[in-house]
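Beneath this line is the structure, given in structure tokens, with notes to follow.
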């Protein structure tokens, strides 16, 4: 079997195992919209003056936070469970002659495909649900796809290093929740610190696209930097884990 | 407690001890969340509405108390979710081996309670390094109630929705419920948020943290909420394990 066919077979198997759980597919479609609505309502209950420093209204900031969080977290959990569920199968495939890089490529592609789907759904939800018109939906999509890409890869890294569902989920959930709070600006933490939070730059890209209708180019490079870092990290840990037959 | 239940709980503890990564995470994650917020929030005072009264407290103290409840809810929820998921096969075998319905339910609730106590103990220990609650014992009890509520919710979600969907739900639920809707900084919370799981337990927690008075009504309602949730959980557990 050629390398390309092997990768395609891997992607198909990963996608099929995902689609077989219809509830998960429904959650992927419903949760972004639900999250945008709930975060919007909840942020709208805070007083507009005094504490929070946001460029958009609190309700809009809440809706953007909900969209970024839902997109990132969904992709992250998916990446994590992809890695854990495919672990044994991938080791067998490695024994059959599949290269670690090809296997991780197939996992990447599956997570990337799911990330794009979630990002499209979330972009449509943002465009429909956010108050006023969204000037740059492409910018919104770009920010969301970066958030889901970063977290999908983070899920792959955690799933490779910590291949147990309870421990992996605990770590991912905590990281996603804390990252989301940092990115949202809820607690007024200094930007010099929050810029290291993976969701912070995608959050800013989406915010600028919604509020100003422009692309936040100054946040694009750091977001791509985060993405590249996680690409490298996930390739290293996953290939090592599959080819060595042990834990990364 | 009969020997069957004791054995089952001891086995649960032994399994827990055999996973050092889990123990390390349960010790590290509260320190990470609570510690990070205490260290990083700006050095300002915030005005919060607690039990109808306006209270001004340092932001770091507020973050410590607030993140304690969020941390305990997230960790207990995920532990509850996987506790039942991982023990389902064993429960079916124990049933075949002669365990009764009550034995199984009491032992699993016991293990869940133990997990929640550990999570609460670690989180409170981290929190009190950052601030001193006005009433420590009620603060601990309220934190434990938040943990129990979310632990039971995790069990219910785990049985009804399954692992992947369950993690999704437990990822969002504590954030939305506690961080957003039970936040004392908010001034205009919608009426329907009073039915959310952590409403009364977090009320009790903030009162214990920042006021000298403790409203027993909040504690009572938090216990009633947890008890109702536990009853629902037991009914779903019975059905899932087909013990009756």
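Residue numbers (the numbering used here), protein chains in the order written: chain P, 2 to 249; chain L, 63 to 306.
Positions of the beta carbon are idealized from the N, C-alpha and C atoms, including for glycine.
Quantities reported herein were computed from a predicted structural model and do not represent experimental measurements.
Of all the options the options, which has the alpha carbon lying nearest to the alpha carbon of residue i?
i	options	result
residue 182 of chain L	L/96, L/67, L/274	L/96
residue 29 of chain P	P/63, P/220, P/121, P/234	P/121
residue 297 of chain L	L/101, L/171, L/124, L/119	L/171
residue 63 of chain P	L/152, L/238, L/211, L/159	L/238
residue 176 of chain P	P/161, P/196, P/152, P/194	P/152
residue 107 of chain L	L/243, L/117, L/74	L/117
residue 287 of chain L	L/302, L/211, L/94, L/265	L/211
residue 236 of chain P	P/178, P/162, P/35	P/162
residue 143 of chain P	P/209, P/158, P/106	P/209
residue 258 of chain L	L/236, L/154, L/191	L/236
residue 232 of chain P	P/27, P/155, P/94, P/47	P/155
residue 37 of chain P	P/104, P/79, P/145	P/145
residue 136 of chain L	L/79, L/92, L/222	L/92
residue 13 of chain P	P/104, P/195, P/240, P/171	P/104
residue 85 of chain L	P/169, P/240, P/194	P/169
residue 133 of chain L	P/179, P/229, P/72	P/179
residue 108 of chain P	P/24, P/160, P/230	P/160
residue 33 of chain P	P/134, P/245, P/148, P/95	P/148
residue 264 of chain L	L/83, L/105, L/246	L/246
residue 227 of chain P	P/134, P/218, P/118, P/197	P/197
residue 27 of chain P	P/218, P/230, P/118	P/118
residue 76 of chain L	L/251, L/176, L/142	L/176
residue 245 of chain P	P/89, P/41, P/35	P/89
residue 78 of chain L	L/180, L/128, L/115, L/90	L/180
residue 5 of chain P	P/240, P/241, P/110	P/110
Is residue j closer than 7 angstroms to residue i when the C-beta atoms are compared?
i	j	result
residue 220 of chain L	residue 228 of chain L	yes
residue 260 of chain L	residue 217 of chain L	no
residue 224 of chain P	residue 200 of chain P	no
residue 164 of chain P	residue 85 of chain P	yes
residue 283 of chain L	residue 300 of chain L	no
residue 81 of chain P	residue 173 of chain P	yes
residue 240 of chain L	residue 291 of chain L	no
residue 141 of chain P	residue 124 of chain P	yes
residue 116 of chain P	residue 76 of chain P	yes
residue 58 of chain P	residue 243 of chain L	no
residue 136 of chain P	residue 186 of chain P	no
residue 234 of chain L	residue 123 of chain L	no
residue 74 of chain L	residue 173 of chain L	yes
residue 281 of chain L	residue 167 of chain P	no
residue 294 of chain L	residue 232 of chain L	no
residue 113 of chain L	residue 269 of chain L	yes
residue 248 of chain L	residue 83 of chain P	no
residue 31 of chain P	residue 158 of chain P	no
residue 161 of chain L	residue 78 of chain P	no
residue 171 of chain P	residue 87 of chain L	yes
Looking only at its own chain, which residues have a Cβ that is under 7 angstroms from the Cβ of residue i, when we skip the five neighbours before and after it?
i	result
residue 130 of chain L	96, 185, 186, 189, 205
residue 39 of chain P	67
residue 147 of chain L	220, 225
residue 114 of chain P	16
residue 223 of chain L	231
residue 306 of chain L	Note on residue 306 of chain L: pLDDT 48, under 50, position unreliable in the model; the coordinate value appears next. Closer than 7 angstroms at the Cβ level, and outside the excluded window around residue 306 of chain L, lie 163, 300.
residue 240 of chain P	101, 102, 105
residue 94 of chain P	104
Who are the Cβ neighbours of residue i in its own chain at under 6 angstroms, not counting the five residues just before and after it?
i	result
residue 220 of chain P	202, 205, 206
residue 70 of chain P	181
residue 165 of chain L	66, 67
residue 21 of chain P	none
residue 158 of chain L	none
residue 150 of chain P	116, 228
residue 1 of chain P	Residue coverage of chain P in this structure runs from 2 to 249, which leaves residue 1 of chain P outside it and unanswerable.
residue 230 of chain P	none
Tell me which same chain residues have a C-beta within less than 8 angstroms of the C-beta of residue i, skipping the five on either side of it?
i	result
residue 72 of chain L	none
residue 64 of chain L	165
Since I believe residue j is in contact with residue i (beta carbons under 8 angstroms), could you give me their beta-carbon distance rounded to a whole number of angstroms?
i	j	result
residue 138 of chain L	residue 70 of chain L	So it is not a contact: roughly 20 angstroms between Cβ atoms.
residue 92 of chain P	residue 212 of chain P	Actually they do not touch by this definition, with Cβ atoms about 48 angstroms apart.
residue 119 of chain L	residue 110 of chain L	6 angstroms
residue 103 of chain L	residue 194 of chain P	The Cβ separation is near 10 angstroms, so there is no contact.
residue 72 of chain P	residue 132 of chain P	Going by Cβ atoms, the distance from residue 72 of chain P to residue 132 of chain P rounds to 20 angstroms, so no, they are not a contact pair.
residue 267 of chain L	residue 201 of chain L	6 angstroms
Cβ of residue i versus every heavy atom of the ligand COA: is any distance shorter than 6 angstroms?
i	result
residue 238 of chain L	Only the bare structure without any ligand can be found here, which leaves the ligand COA out of the picture.
Fill in: Validate contact between the segment 268–276 of chain L and the segment 188–203 of chain L using beta carbons, cut 8 angstroms, 3 pairs
Look at the beta carbons and you see the segment 268–276 of chain L touching the segment 188–203 of chain L: at least three pairs across the two are nearer than 8 angstroms.
Worksheet entry | Contact the segment 122–142 of chain P vs the segment 93–112 of chain P: 3+ CB pairs below 8 angstroms | Three or more Cβ pairs closer than 8 angstroms define a contact, and the segment 122–142 of chain P falls short of that threshold against the segment 93–112 of chain P.
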